[in-house]
Structure formats: structure tokens, C-alpha cells
Amino acid sequence: MAEARASDLPVLDREIGAELARIEAAVGAGETDLRGLGFWRIVARVKIDRILIDRHADRIGRIDAAAFRRAVRPRFPVWLGNTVLLAGAAVSGVLIGVAGAVGSPGWKGVWIVAAGVGWAITLHCPTHWIFGWFVGVRFTDYFFGGPPPPRPGLKSDYATYLRADPGSRAWMHASGAIATKLAPFLALIFVRVVDAPWWAAVVLLAVGIGQILTDVRFSTASSDWKKFARERRVARARADI
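Residue numbers (our numbering): 4 to 244.
Below, the structure is given as C-alpha cells:
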């Protein structure tokens, strides 16, 4: 099997190179539908073989970046997106202190719930970025994406993404989703500390459980958990070679 694979590799390498050249030309002419061009099918094949990654990762990264930049507006520098979101996370932490300082039970509840929701929104992408940085994935842009309402998204440099270990890529995708789901439960810890009313705990539980159910229903089919499962399959396929 190893000999057959080695003998087939030069032919496959040439075929992939020719397909990528075709797609790169189409993207250069203004096309942005990478799926329609067959790009992601080729990427899925390249991911399984370290030799093909070494030979084609840079070109795949260029094509992905060019199509993204043509199709997505507005875009923001990574440093700016991280600064805004981490500042928002810090503000959410300050709200815990505000909840402890105010005398009105109703306002205590409002501020503690706002802190939990704020963490759920602001910690997602920075967690992807931190985990990705440690496993070798770099990022190029922040943007707004996802189903309505628009949410911050973080664009990876696909050449570095391909070169990272697929198991680590899987956990990079999972990391942001996990941070988002833990955020309301983190705020829940402080409900008794600041003597917030019972309904604040109920709201935070509802937000946390609702996010988990939403992930089960949607993210496994179209978002972070789908990507997690995909990269776990790649890791298993690579282990079998």
C-alpha cells in the first residue's frame, strides 16, 4: 500500500497543481465561489497528506485569501478586533463589581446577566485566536459573519491552518464554542456573591442551556462543531496512512 501510494503521488500532485492553477486564475478574474470551483474538494484531499500540504499550502492560502478579500466587507485588522472584544470582556468583568456595589436587587440582576451575556459575545473569537496561536495557526482579519444577527468572525491564514496538526485545529475550532458556552455559567457563580435576585440565576441558566441546545441543533451542522468533527476525521485519516 505504501509503495502504491508513493507511485501515485506524483500524478496526484500534478493533478492538484493543475486544478489549483485553474481555480487561482478564476479567482483572479473575480470568481469567489470556491465551492463551485471545486476548491474545497481539493483542499480536503490535500489535508490528508503531509507531502501535498508542503507542496500546495501556500498556493491554497493565496487562493483562499484572495476569494475572501473579494467577497467579504467590511474587514478589520486582527489587533483591532482583539482589542475591542477583550475590552468588552473587561467591561463585562467590571459589571460584576457594579452589581455588587448597587443597592437595588433588580439592578444587581440586570448587571450580572449583562456580564454573562457580554462574556458569551466577547470571549469567543479571542479564545480561537489564543488557542490558534499556540498551535501554529495565524489569522488575517476580523469580519462580521454567521446567521443574523451578524457576529464577529476571525479569518485564518489557510496556509498556516493546513500546516498545523489536524487534531490541534479541531480543538482550536472547539475552543471558542466552549468559551461561549461557559460564559453564562461563569457569571452564575457570582449571583450569590453579589446577592443578586433568583431570577438572574434563572436567566443565566436559560442563556447557557439555550446556547448548548443551539449548538446541538445548528453548530454541529454548520459552524464550530462541524469543523471540529471534520478536522478530527482528518486526524484519523492521517493516522491511518
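Each residue gets a CB set at the ideal place from its N, CA and C atoms; glycine is no exception.
The beta carbon of residue 159 lies closer than 6 Å to those of 140, 142 in the same chain, with the five residues before and after it left out.
Nearest to residue 199 by alpha-carbon distance, out of 148, 86, 101, is 101. The straight-line gap separating the alpha-carbon atoms of residue 27 and residue 64 is approximately 11 Å. Taking a C-beta distance under 8 Å as the contact criterion, residue 66 and residue 166 do not qualify as a contact pair. Looking at the DSSP output, residue 159 bridges to 142.
Its Cα nearest to that of residue 137, the residue 175 stands out among 156, 125, 175. Looking at the backbone, the Cα of residue 35 and that of residue 73 are separated by about 7 Å. Annotation for residue 212: the continuous alpha helix (DSSP H) segment containing it runs 201 to 217. Only residues of its own chain outside the window of five on either side were considered, and among them 146 have a CB closer than 7 Å to the CB of residue 75, listed in chain order. Annotation for residue 228: 176, 177, 180, 218, 222 place their beta carbon closer than 8 Å to its own, counting only its chain and skipping 5 residues before and after. One alpha carbon belongs to residue 191, the other to residue 226, and they sit about 26 Å apart. Fewer than three pairs of CB atoms, one per stretch, sit closer than 8 Å, so the stretch 107 to 115 makes no contact with the stretch 43 to 56.
Straight through space, the alpha carbons of residue 168 and residue 20 are spaced by roughly 23 Å.
Unbroken beta strand (DSSP E) runs of no fewer than 3 residues, entirely contained in the stretch 23 to 77, are not found. Boundaries of the alpha helix (DSSP H) harbouring residue 195: 169 to 196, taken from the DSSP string. In the same chain as residue 131, and ignoring 5 residues on each side of it, the C-beta atoms closer than 7 Å to its own belong to 157, 175, 178, 179, in chain order. Short of 6 Å from the beta carbon of residue 238, and not among the five residues preceding or following it, lie these beta carbons of its own chain, in chain order: 169, 170. Residue 236: member of the alpha helix (DSSP H) spanning 227 to 243, first to last residue. Per DSSP, reduced to three states, the secondary structure at residue 96 is helical.
By a beta-carbon distance limit of 8 Å, residue 22 contacts residue 41. Their separation comes to about 7 Å. A check of alpha carbon separations from residue 33 across 16, 69, 18 identifies 69 as the nearest.
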